[in-house]
């Protein structure tokens, strides 16, 4: 499971540059991944980034995709560093130089929001708690992002019967589609997840589903069928 932790209150971030992070703290499965070139299905030479057959969208989205892979195994700092250049419009200590007007901007901004939602109750970037920072980044994500409609529909099929018993009915209606979909409401739900085991389980399901769907969405951009 790629859930945040047993209480789902969040995970504190280290706020270190990618090359300064100790990747050995993560599960062994991540050791086989050497970089974003591993996100491509076909084997590419190590200089794939200058391969004229690779578009900027593929190249940039591969970084975002790698960030999502890291996030799935608890590497939220790695994910943060990888998506920062494409989502933040200025240079940063952890992500390095900004890459403006990237075709991966929408996916990077969305992923940036997920990083801070995973951070949860802990104070981090800009002195903000993760949930508040996540709300800010969801507001920056393009409103026409394809995942917004897809995930809201998929979320309706998550088993709500038992897990949703502790959720405020109005909040539940918003998330299940009874009202207009709102990432603000979903973030509110995550911020309450430590209230009960059933709510924690529900958030874990939604978190895993969303990461998986966004990863598939990015994969479709990176590994284009020709």
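Residue numbers (the numbering used here): 110 to 335. Just so it is clear, CB atoms sit at the ideal spot from N, CA and C, and this is done for glycine as well. Quantities reported herein were computed from a predicted structural model and do not represent experimental measurements.
| Asked | Found |
| --- | --- |
| What is the rounded straight-line gap between the Cα of residue 221 and the Cα of residue 189? | 6 Å |
| Anyone know if the C-beta pair for residue 173 and residue 327 falls short of 8 Å? | yes |
| Under three-state DSSP, which class holds residue 232? | strand |
| At the level of alpha carbons, what is the spacing between residue 114 and residue 175? | Confidence is the limiting factor: at residue 114 the pLDDT is only 47, short of 50, which leaves the residue's position unreliable, though a coordinate-based value still follows. Going by the C-alpha atoms only, they are around 21 Å apart. |
| Assuming residue 207 and residue 197 make a contact with CB atoms under 8 Å, what is their CB distance in whole Å? | 6 Å |
| Is residue 163 helix, strand or coil when you go by DSSP? | coil |
| So, at 8 Å on beta carbons, what are the nonlocal neighbours of residue 139 in its own chain, with the 5 sequence-adjacent residues on each side left out? | 132, 178, 179, 182, 184 |
| Got a sec: does the ligand COA put a non-hydrogen atom nearer than 7 Å to the Cβ of residue 232? | This structure lacks the ligand COA; in fact it carries no ligand of any kind. |
| Look at the alpha carbon of residue 308 and the alpha carbon of residue 122, and state the distance between them as a whole number of angstroms. | 23 Å |
| Is residue 227 near residue 236, with beta carbons less than 8 Å apart? | no |
| So, helix, strand or coil for residue 139, using DSSP? | helix |
| Classify residue 333 as helix, strand or coil using the three-state DSSP reduction. | coil |
| Apply the 10 Å Cβ neighbour rule to residue 304 and answer buried if 16 or more other Cβ atoms are within range, or exposed otherwise. | exposed |
| Considering only residues of the same chain and omitting the five flanking positions on each side of residue 302, which have a CB-CB separation below 6 Å? | 117, 308, 309, 312 |
| Would you tell me roughly how many angstroms separate the C-alpha atoms of residue 142 and residue 241, rounded to the nearest one? | 32 Å |
| Residue 251: which of 295, 210, 297, 299 sits nearest, CA to CA? | 210 |
| CB residue 128 to CB residue 170, shorter than 8 Å? | no |
| What residue from 249, 322, 330 has the CA that sits closest to residue 262's CA? | 322 |
| How long is the line joining the alpha carbons of residue 112 and residue 145, rounded to whole angstroms? | Confidence at residue 112 is low in this model, with a pLDDT of 49, below 50, so the placement of that residue is unreliable and no value is reported for it. |
| Do residue 296 and residue 247 have their C-beta atoms within less than 8 Å of each other? | yes |
| Quick check on residue 218: buried or exposed, where buried means 16 or more other Cβ atoms within 10 Å of its Cβ? | buried |
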